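As you go down the protein sequences, you meet chains A and B in turn.
Note that the UniProt record's numbering has the first sequence beginning at 1, numbered continuously upward.
Note that the UniProt record's numbering has the second sequence beginning at 1, numbered continuously upward.
Number of protein chains: 2
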Amino acid sequence: MALRARALYDFNSENPGEVSVKENEILTLYSEQDIEGWLEGVNSKGERGLFPASYVEILRNDATSTFNNNSCTTSGDTYPDSRYPQQNKIENFSKPSPPGFNAFPPPALQRQPPQQQQQQQHTYQSPGQVSDDDWDDDWDDSSTVADEPGTVGGRYHDYEGNGPSTYRVSTSSMSRGNAQQAKSSATVSRNLNRFSTFVKSGGEAFVLGEASGFVKDGDKICVVMGQYGPEWQENPYPFTCAIDDPTKQTKFKGMKSYISYKLTPTHTQNQVNRRYKHFDWLYARLVEKFPVISVPHIPEKQATGRFEEDFISKRRKGLIWWMNHMTSHPVLARCDVFQHFLTCNSADEKAWKQGKRKAEKDEMVGANFFLTISTPASPLDFQEVESKIDGFKTFTKRMDDSTLQLNATVNEFARKQISGFKKEYQKVGMSFKVLSQAFEMDQQVYSTGLNQAISFTGDAYEAIGEYFAEQPSKDLDPIMDLLALYQGHLANYPDIIHVQKGALTKVKESQKHVEEGKMDRAQAEGINERCNIISCATLAEIQHFHQIRVRDFKAQMQHYLQQQISFFQKITGKLEEALQKYDNA
Amino acid sequence: MALRARALYDFNSENPGEVSVKENEILTLYSEQDIEGWLEGVNSKGERGLFPASYVEILRNDATSTFNNNSCTTSGDTYPDSRYPQQNKIENFSKPSPPGFNAFPPPALQRQPPQQQQQQQHTYQSPGQVSDDDWDDDWDDSSTVADEPGTVGGRYHDYEGNGPSTYRVSTSSMSRGNAQQAKSSATVSRNLNRFSTFVKSGGEAFVLGEASGFVKDGDKICVVMGQYGPEWQENPYPFTCAIDDPTKQTKFKGMKSYISYKLTPTHTQNQVNRRYKHFDWLYARLVEKFPVISVPHIPEKQATGRFEEDFISKRRKGLIWWMNHMTSHPVLARCDVFQHFLTCNSADEKAWKQGKRKAEKDEMVGANFFLTISTPASPLDFQEVESKIDGFKTFTKRMDDSTLQLNATVNEFARKQISGFKKEYQKVGMSFKVLSQAFEMDQQVYSTGLNQAISFTGDAYEAIGEYFAEQPSKDLDPIMDLLALYQGHLANYPDIIHVQKGALTKVKESQKHVEEGKMDRAQAEGINERCNIISCATLAEIQHFHQIRVRDFKAQMQHYLQQQISFFQKITGKLEEALQKYDNA
């Protein structure tokens, strides 16, 4: 029987090899095993090609039989819709990039399926793919759609206990939570929604005092009271990291190819080589470790054209942006797994695997992460915190809308310059050329100078057309790169805010319980204290966000304007050159 | 019975009040009397409006009865198609402006009906309109389509002897020609096509020695041998003439309105007031007087919106260009009718009318004009002349094509700047503004400077959008004005070349006749001499054309580039201002 799927959303093909699908269109698949989040199949028009796995649902006659498949699929059928509370949808206000949004020049924002995918997404993951043995055998970028960084919400949406989970953070923190549930949940109610971010991030478990672990001195993370409120203690040893010379490498006698990036951190000055899959692995570790830190998204995956120069250059730029945000972050920059990634010599396979296993077995993730945080002496005023968080929520919504709009405008502006503007200037240039050619037939000696000057003017306008076409890569593309990065952060914040709000709700509940005599003051005090930790961390993260935002947008706007000024000066120079030709004409 | 007409060509309405018609569409007319070359009627879709009279032929059941009409129409029925030789069409290679060509900004080229109009055009002229009495009673611009300057060929296409003609030149020269026909036409054949330009301009009559008249010293026109061949003797008293302050005047207690222009020639420094109809009258006099001089076309007529500021300003610019070409021309600048126009005080009605009558009764027009020309001592080599003329013919064809193309390109470029370019820059500006507004919600003191700088950048891009929209009136419009003027000249040259070629053909015929013993040498020598005069005048006119062309295009290209440079400098300045805002952000 042919394997079939139904399209959940419209998908417009943008690259060779892709095929467009319409919502509700029935597709025939070649395999239910996706390749980097893409499935191959034939649409109803008979066109064959790739489409995002997350845009379709596989149609099965027998849902239970799938558990016996090699691919061990947790398909949509095992997630009845009724189990996904609307609340979660409302909380998650971050708008996804519309499909086709970045059709031009190279797409700068990560390609995200429509918003609902967080609830309806399918994970096609074979258990073998998480094993260590697979680490080096796999081809570049070969992780599955489930941990694709673009699908932000995915990290919280595994299904507890039902089949193998790809997210260690959730299972580990939840299992701890479940174990301790009996002793503390009698007095403060638990969220009924076990899939809420608050629960799954470990936030609830921590607030309810269920997290425990030994915090080494090196793991301590300090929130200090700064000029504008709580902030992360600055990294006393700031560093940056260059990413150079992406080169194509092969192994298995050329059977497998991948791109290797040279990373040189300033604090070690030792170059290490890393592949995209290493970045991807690191990203997954960071996301599971830090519940209220906005981990910058790594550049999107791409199924086809991974070895094309444009793509490699674009990905490198994306990784540089990402690295810049990583090294700028006081907490992320210092964390063990990132340091391992930056400093471990990849030739020393044993050391690398040791660090890798250590990171994957890190206990201080999720709920336990909060244990590592030390806060300023005086606790925060929760009312003030709530108002700040609400203000920030409104802010992120507005910023998300405006960056989306700016991205669309800039994208279109770049497209117009490359096509229309160039064409118009070159048409003018061509017409001047044609006029000068007509004038050359006049057989008059005294018009030679004029004819040459007009011909030069024609060339000048052709050149100006080229200037317009070349310009976007110098000024608009960097803006789009910046916006893509911030779109990633903005997509992270709903979950971060959700965790803080969950903690605050527990505080309110505990106060009520104390008033009603159902809880003793000490226990409520503990909830207060832990909510204070979460709030300090959240506000510190927000403060950090604002600081890098102001830094990045200032720098990028200056760069943009400087480029624009050079551009118009170059045009002026060309025209002045043309004008001079008339002096002796 | 309803008056009906058939459309001869497609006409696309461009302005309010006009109605589109399709070739062969049957139209119902309100009146066969046109208003400034426009007829009012209803098309087959029932749309009512104006269309050019020259684009339609009036359908009549009884052609002869029209002679009893007040309007004394010489309709298409009296010109059977078979009487229009194809030869004439082929000679006349000047391409008409395609309808709709100048839809934007204000149309710069004169609106010409398709090429064939020269053969098929109808003249709706009431005899009353040529009387002196009508001169001041008529409303502005009220002459008919027959002498509309845009319809270039019209000046040669009256119908000899059949009903009243509006063209004195043709009737006078032809009647002279007819009178003398008996004595000279026995040996050299006459053109069978009595409507050919060669015949109607008086060229044939002159070559055959049929022109005669008393040439006063003041009428003498010298062709001298210059560096590059025959040229008009320079005007020893060069002058220019300013055209200022078009003002709206009324008469008949406000019943009639017209626009009056203030003309101040430098050689008199006396201001005179002239209306468009005076220019129009002058233009008609010049066209009938000078068969091989390219009289610059006056700006096109317009039925509606004549008192709108844009139109008045545009017409004034057109008249300034026209005046510049008139005063630059060694022959036109000095001729009596132009001097009368420039110097006669319009308040002195008697003097004005005297000069007007004198000009209208000028004997030295058409064939007789050639009598006034004195040539260099040594006659031209006709083979060389023929090669030069052929070269110029090719040149005008190429120049016509290239100026048409340039005009279309520039027109579209202007449209794009006013619409698309402006929109793109303003959309970018708006997106920056929206971003700055979103950022203003961040409640962070340290980002105030950045927010203001981004907001200023948004304003800067909005301003730049305006700059783009304003620019075409400064640089592209003048180019279109120039091209319009030259399109007019290029439309004149086929007829001028035709006259010279006709003369050369007569020379060849006469040589053959001499060889065959059918003509005596003295007679052939006379034809040779007169062909030499026509050739000298034609080459002098071509030389003048090249000189003003090089002068005008050089000046206009310099002006264009200077404007473009200022434009891009203005943009750069605005961007530098924006960039500075980030210094303290």
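All residues carry an ideal CB built from backbone N, CA and C; glycine is no exception.
All values reported here derive from a predicted model rather than from experimental measurement.
Residue i: which of the options sits nearest, CA to CA?
i, options, result
"residue 413 of chain A", "A/449, A/392 and A/469", "A/469"
"residue 34 of chain A", "A/57, A/20, A/21 and A/45", "A/57"
"residue 594 of chain A", "A/356, A/228 and A/208", "In this structure chain A extends from 1 to 585, so residue 594 of chain A is not present and cannot be described."
"residue 320 of chain A", "A/348, A/485 and A/383", "A/485"
"residue 472 of chain B", "B/427, B/417 and B/434", "B/417"
"residue 581 of chain B", "B/480, B/217 and B/447", "B/447"
"residue 47 of chain A", "A/38, A/20, A/37 and A/24", "A/20"
"residue 577 of chain B", "A/565, A/23, A/570 and A/585", "A/565"
"residue 478 of chain B", "B/487, B/317, B/361 and B/231", "B/317"
"residue 268 of chain A", "A/8, A/490 and A/238", "A/238"
"residue 25 of chain B", "B/232, B/38 and B/6", "B/6"
"residue 309 of chain B", "B/248, B/525, B/200 and B/558", "B/248"
"residue 214 of chain B", "B/386, B/200, B/224 and B/362", "B/362"
"residue 386 of chain B", "B/476, B/349, B/503 and B/400", "B/503"
Should residue i be flagged as near chain B, meaning a C-beta pair shorter than 7 Å?
i, result
"residue 576 of chain A", "yes"
"residue 404 of chain A", "no"
"residue 571 of chain A", "yes"
"residue 469 of chain A", "no"
"residue 398 of chain A", "yes"
"residue 489 of chain A", "no"
"residue 438 of chain A", "yes"
"residue 579 of chain A", "yes"
Give a yes or no on whether the minimum CB-CB distance between residue i and chain A is below 7 Å.
i, result
"residue 329 of chain B", "no"
"residue 582 of chain B", "yes"
"residue 229 of chain B", "no"
"residue 434 of chain B", "yes"
"residue 225 of chain B", "no"
"residue 620 of chain B", "The structure shown does not extend to residue 620 of chain B, since chain B is modelled only from 1 through 585, so no value can be given for it."
"residue 546 of chain B", "yes"
"residue 558 of chain B", "yes"
"residue 568 of chain B", "yes"
"residue 14 of chain B", "no"
"residue 382 of chain B", "no"
"residue 500 of chain B", "no"
"residue 563 of chain B", "no"
"residue 510 of chain B", "no"
"residue 585 of chain B", "yes"
Check whether the Cβ atoms of residue i and residue j lie closer than 7 Å to each other.
i, j, result
"residue 395 of chain A", "residue 442 of chain B", "yes"
"residue 483 of chain B", "residue 407 of chain B", "yes"
"residue 312 of chain A", "residue 389 of chain A", "no"
"residue 435 of chain A", "residue 454 of chain A", "yes"
"residue 28 of chain B", "residue 53 of chain B", "no"
"residue 282 of chain B", "residue 341 of chain B", "yes"
"residue 548 of chain B", "residue 328 of chain B", "yes"
"residue 570 of chain A", "residue 467 of chain A", "yes"
"residue 393 of chain A", "residue 293 of chain A", "no"
"residue 415 of chain A", "residue 337 of chain A", "no"
Label residue i either buried or exposed according to how many other C-beta atoms from any shown protein chain fall within 10 Å of its C-beta, with 16 as the threshold for buried.
i, result
"residue 444 of chain A", "buried"
"residue 409 of chain B", "buried"
"residue 583 of chain B", "exposed"
"residue 595 of chain B", "With chain B represented from 1 up to 585, any question about residue 595 of chain B goes unanswered, as that position is not in the structure."
"residue 557 of chain B", "buried"
"residue 236 of chain B", "exposed"
"residue 510 of chain A", "buried"
Give the C-beta separation of residue i and residue j to the nearest angstrom, bearing in mind that I take them to be a contact with Cβ-Cβ under 8 Å.
i, j, result
"residue 432 of chain B", "residue 461 of chain B", "6 Å"
"residue 330 of chain B", "residue 234 of chain B", "6 Å"
"residue 203 of chain A", "residue 543 of chain A", "Not quite, the Cβ-Cβ distance comes to about 19 Å (not below 8 Å), so this is no contact."
"residue 375 of chain B", "residue 219 of chain B", "Contact doesn't hold; Cβ gap of about 15 Å is too wide."
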